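See below for the structure under consideration.
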Amino acid sequence: MPLKIYNSLTRTKEIFEPLNKGYVGMYVCGPTVSGESHLGHARPYITFDVVYRYLKHLGYQVRYVRNITDAGHFEEEGRVAEDKISTKAILEKLEPMELVQKYTNLFHWAMKQFNNIEPNIEPTATGHIVEQIGMIEKIIADGYAYVVNGSVYFDVNKYNEDFSKKGLPYGILSGRNLEEQLDTTRDLDNQHEKRNKADFALWKNAPPEHIMRWQSPWGEGFPGWHIECSAMATKYLGTQFDIHGGGMDLQFPHHECEIAQSTVCNHTAPVRYWMHNNMITINGRKMGKSYNNVIKLTELFTGSHPLLEKAYHPMTIRFFILQSHYRSTLDFGNEALQASEKAFKRLWEAYENLQKISIDNIEAADVELDKKINKQIAEFTEFIEDDFSTAKVLANMFEIVPVINAIKNKQLAQNTLSKNTIALMQQQFTLFIEEIFGLKFQEDNNEKLSDILQLLVDIRKEAKAKKDFVTSDKIRNELAQLGVLLKDEKDGTVSWSFI
RNA sequence: GGUCCUGUGGCCGAGUGGCUAGGCAGAGCUCUGCAAAAGCUUCUACACCAGUUCGAAUCUGGUCGGGACCUCCA
Numbered sequence: 360m361p362l363k364i365y366n367s368l369t370r371t372k373e374i375f376e377p378l379n380k381g382y383v384g385m386y387v388c389g390p391t392v393s394g395e396s397h398l399g400h401a402r403p404y405i406t407f408d409v410v411y412r413y414l415k416h417l418g419y420q421v422r423y424v425r426n427i428t429d430a431g432h433f434e435e436e437g438r439v440a441e442d443k444i445s446t447k448a449i450l451e452k453l454e455p456m457e458l459v460q461k462y463t464n465l466f467h468w469a470m471k472q473f474n475n476i477e478p479n480i481e482p483t484a485t486g487h488i489v490e491q492i493g494m495i496e497k498i499i500a501d502g503y504a505y506v507v508n509g510s511v512y513f514d515v516n517k518y519n520e521d522f523s524k525k526g527l528p529y530g531i532l533s534g535r536n537l538e539e540q541l542d543t544t545r546d547l548d549n550q551h552e553k554r555n556k557a558d559f560a561l562w563k564n565a566p567p568e569h570i571m572r573w574q575s576p577w578g579e580g581f582p583g584w585h586i587e588c589s590a591m592a593t594k595y596l597g598t599q600f601d602i603h604g605g606g607m608d609l610q611f612p613h614h615e616c617e618i619a620q621s622t623v624c625n626h627t628a629p630v631r632y633w634m635h636n637n638m639i640t641i642n643g644r645k646m647g648k649s650y651n652n653v654i655k656l657t658e659l660f661t662g663s664h665p666l667l668e669k670a671y672h673p674m675t676i677r678f679f680i681l682q683s684h685y686r687s688t689l690d691f692g693n694e695a696l697q698a699s700e701k702a703f704k705r706l707w708e709a710y711e712n713l714q715k716i717s718i719d720n721i722e723a724a725d726v727e728l729d730k731k732i733n734k735q736i737a738e739f740t741e742f743i744e745d746d747f748s749t750a751k752v753l754a755n756m757f758e759i760v761p762v763i764n765a766i767k768n769k770q771l772a773q774n775t776l777s778k779n780t781i782a783l784m785q786q787q788f789t790l791f792i793e794e795i796f797g798l799k800f801q802e803d804n805n806e807k808l809s810d811i812l813q814l815l816v817d818i819r820k821e822a823k824a825k826k827d828f829v830t831s832d833k834i835r836n837e838l839a840q841l842g843v844l845l846k847d848e849k850d851g852t853v854s855w856s857f858i
């Protein structure tokens, strides 16, 4: 069964074949560290973490590159041409790089909370000014960019004319054509610098008050946003690489510009498979600064936001995201998150129960059920290979959960399933839940706490034996108040979990 | 205005022609000192109208609604 990926470029699901056998190059647009990450940002990084994990599981040697945009882009291109990062830095009375460091650290912390594996290379825009300048020089030399007042602009019209003949028109990714755009692009002041409204900045002349600035052949300035990804992707993944990921909102103009720049520079279209995740919405509206509806990750984890009924654990968010398809919008809501929280807990407990099942029977007592479960397990792979349908894998898992619990609680005969089936379940659940989905249930595994709880459980047991239900209920109820749930198992033992 | 996506039961959300998606919530039952947990059973659905078809949530056309991008954006 080959892996199929929906390619935004062709708008079809394609069988994934890497450029070089056994190796995969993957680039994902990282955060702009001028502020705190919010819930919306969680989506691409979790989505592509699963992609990365799965490719590695398939045995590929993957180089995963995810940039940090620390040079800022324009607030309003052509009008004020201010660097977003330095503007805010003045307000906060911080050095620009201090601000960048602060939010980079916070971002890394959040990624860790989500159990995302770090990329292999995490290049910064400011660390690759030289490469960006080099790329811009090449584009100018080839005649696809021009210099005006210390700024450099990409000549979209010329590019479109020449490369349309080669089947690479400007707009190929986002499915729009240049002529229509020219009519609809908004009027900007400072427009006279550009030959064409659709042209975009490769390098921007820095006004005196601009703090972040670098020397260049065109004077002091700073790079345009789009060029950083092209420069860093080329440097670390080559002139052509396998997968480029990012949010759908980056498709135009960011990714479109990347294609144009890289194609001019490297004489080849840069990316084989473009993958775009959809947005997280709140009341049906995209979460974003401009809509003033963001829930920061720190607020989410602590519950400190008016829209939140409670704090949500990072794993709840991860599970919530995996329960939908990455190309669909996902609507935030307390009810939805609490559903995910409970569902994940239930799945995890069943998973733990599964690992404890130990049986010897070669033959399944219930052949039909045994067969059905084998089919559902086989579908895990089928679904994930179908453009990463994590939601369907989880649905299948939940079909199997009752069977696991029933065997564990002896509501089903111990020999219901065959030894091989149980072994396969144990192996595949571990593979998908932990390795591919990157889920883990974080409990306070404090030994002292466990001993104390065990003591309370023992006291309660003695009280129950004496039919002193007042005492036994007191222990159970008050522990519940403290967030510890006691469960009387069928075999007489008592287990607990943290709510 | 242009390009594109979307409308599924109380909530979230799979699903592209015929098969129970799944989770949470609700109802009933079993187990239990009681409860919880667990298991079993169960209710609520495909925006609207027309068409194609033996058959449509799924395809086509239209109507209405929501959204994204066209400007920084995950």
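Numbering (our numbering), first residue to last: 360 to 858.
Ideal placement from N, C-alpha and C gives every residue a C-beta, glycine not left out.
Predicted model, so just to flag it, every value in this text is computed and none were measured.
Query: Residue 546 versus residue 360 - alpha carbon distance; Result: Legend: pLDDT at residue 546 = 46, less than 50; position of this residue unreliable, value from coordinates given subsequently. Distance between the alpha carbons of residue 546 and residue 360: 51 Å.
Query: Start-end ranges of the beta strand (DSSP E) lying completely within the region 605-640, minimum 3 residues; Result: 630-636
Query: Residue 465 in three-state terms, based on DSSP; Result: helix
Query: In DSSP terms, what residue 855 is bridged to; Result: 845
Query: Inter-residue Cα distance where the pair is residue 650 and residue 709; Result: 40 Å
Query: Cross-strand partners of residue 459 (DSSP beta bridge); Result: For residue 459, which the question treats as bridged, DSSP gives no partner whatsoever.
Query: Buried versus exposed, by CB contacts within 10 Å (16 or more), residue 374; Result: exposed
Query: Residue 562 - partner residues in DSSP beta bridges; Result: 511, 582
Query: Sufficient close CB pairs (3 or more, under 8 Å) joining the region 492-511 to the region 547-567; Result: yes
Query: Proximal residues to residue 742 (C-beta, below 6 Å), its chain only, five neighbours per side dropped; Result: 748, 751, 752
Query: First and last residue of the uninterrupted alpha helix (DSSP H) at residue 764; Result: 749-767
Query: Close Cβ partners of residue 594 (< 6 Å) along its chain, the five nearest in sequence each way excluded; Result: 490
Query: Chain-order list of residues whose beta-carbon lies under 7 Å from that of residue 775 (same chain, five-residue window excluded); Result: 723, 724, 725, 728, 766
Query: Helix, strand or coil at residue 666 [DSSP, three-state]; Result: coil
Query: Residue 836, DSSP secondary structure in three states; Result: helix
Query: Cβ pair count under 8 Å reaching 3, the region 379-387 against the region 417-429; Result: yes
Query: Residues sharing a beta bridge with residue 384, DSSP; Result: 422
Query: Buried versus exposed call for residue 772 [16 or more other C-beta atoms within 10 Å across all chains shown]; Result: exposed
Query: Span separating the alpha-carbon of residue 506 from that of residue 609; Result: 26 Å
Query: Endpoints, the beta strand (DSSP E) within which residue 689 is located; Result: 689-691
Query: Presumed contact (8 Å Cβ cut-off) between residue 591 and residue 487, rounded CB distance; Result: 5 Å
Query: Distance between residue 514 and residue 791 (C-alpha atoms, nearest Å); Result: 47 Å
Query: Status (buried if at least 16 other CB within 10 Å, exposed otherwise) for residue 601; Result: buried
Query: Where residue 412 sits in the DSSP three-state scheme; Result: helix
Query: Proximity below 8 Å, CB of residue 674 to CB of residue 849; Result: no
Query: Rounded distance between the beta-carbons of residue 614 and residue 633, thought under 8 Å; Result: 7 Å
Query: Bounding residues of the beta strand (DSSP E) (the contiguous stretch that carries residue 366); Result: 363-366
Query: C-beta contact flag for residue 639 and residue 531 at 8 Å; Result: no
Query: For residue 718 and residue 825, the rounded distance between their alpha carbons; Result: 36 Å
Query: For residue 371, the first and last residue of its enclosing beta strand (DSSP E); Result: 371-374
Query: Helix, strand or coil at residue 779 according to DSSP, with G and I counted as helix; Result: helix
Query: Residue 852, buried or exposed, once every other Cβ within 10 Å from all chains shown has been counted against 16; Result: exposed
Query: Residue 599 vs residue 622 beta-carbon contact at 8 Å; Result: no
Query: Residue 430 burial status per 10 Å Cβ neighbour count (16 or more: buried); Result: buried
Query: Contact check, residue 785 vs residue 714, beta carbons under 8 Å; Result: yes
Query: Backbone secondary structure at residue 817 - three-state DSSP; Result: helix
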